[in-house]
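In my numbering, the protein residues as written are 3 to 105.
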Amino acid sequence: MRSACRGGRADFCRALRPSRLQDRRKGAVYRVRAARVVVCADGLRTPQVLFASGIRPRALGHYLNEHFQMTAFLVLDDEFDPAGYPPGEFATVRIPFSDARPM
Numbered sequence: 003m004r005s006a007c008r009g010g011r012a013d014f015c016r017a018l019r020p021s022r023l024q025d026r027r028k029g030a031v032y033r034v035r036a037a038r039v040v041v042c043a044d045g046l047r048t049p050q051v052l053f054a055s056g057i058r059p060r061a062l063g064h065y066l067n068e069h070f071q072m073t074a075f076l077v078l079d080d081e082f083d084p085a086g087y088p089p090g091e092f093a094t095v096r097i098p099f100s101d102a103r104p105m
């Protein structure tokens, strides 16, 4: 979902001092004031935001893991009924990164 506002984004984790928001639909500009601001980011961008903000503990980014996900979509016959199969017939398979580092 795209935000209806612009001007209050930290693209590429540059220093940001939000003071104005613009409604993209109406074009109206709003001045924003706050005693505290909460910044949320994903697992990859959070270390970037912290580093750019001067918050740099020794472990920052060192234990970062990516969790890849593969999904398959199938078109099944209308008469397919998963309830007709024994329990355990369908499962999730985890593939380790290596024998030394199983997930």
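Note that beta-carbon positions come from the ideal geometry of N, C-alpha and C, so glycine has one too.
Straight-line gap, residue i to residue j (C-alpha atoms, nearest Å)
| i | j | result |
| --- | --- | --- |
| Leu18 | Asp79 | No answer about Leu18 holds up, because its pLDDT of 44 lies below 50 and its placement is not dependable. |
| Gly63 | Thr48 | 9 Å |
| Tyr87 | Met72 | 24 Å |
| Ala61 | Phe75 | 39 Å |
Residue nearest to residue i in terms of C-alpha spacing, selected from the options
| i | options | result |
| --- | --- | --- |
| Ala36 | Ala54, Ala61, Leu23 | Leu23 |
| Asp44 | Leu66, Ser55, Tyr32, Gly56 | Leu66 |
Anticipated Cβ contact below 8 Å, residue i with residue j, distance rounded
| i | j | result |
| --- | --- | --- |
| His21 | Val34 | Reading off the sequence, residue 21 comes out as Ser, not His. Contact holds; Cβ gap of about 6 Å. |
DSSP beta-bridge partners of residue i
| i | result |
| --- | --- |
| Asp79 | For Asp79, which the question treats as bridged, DSSP gives no partner whatsoever. |
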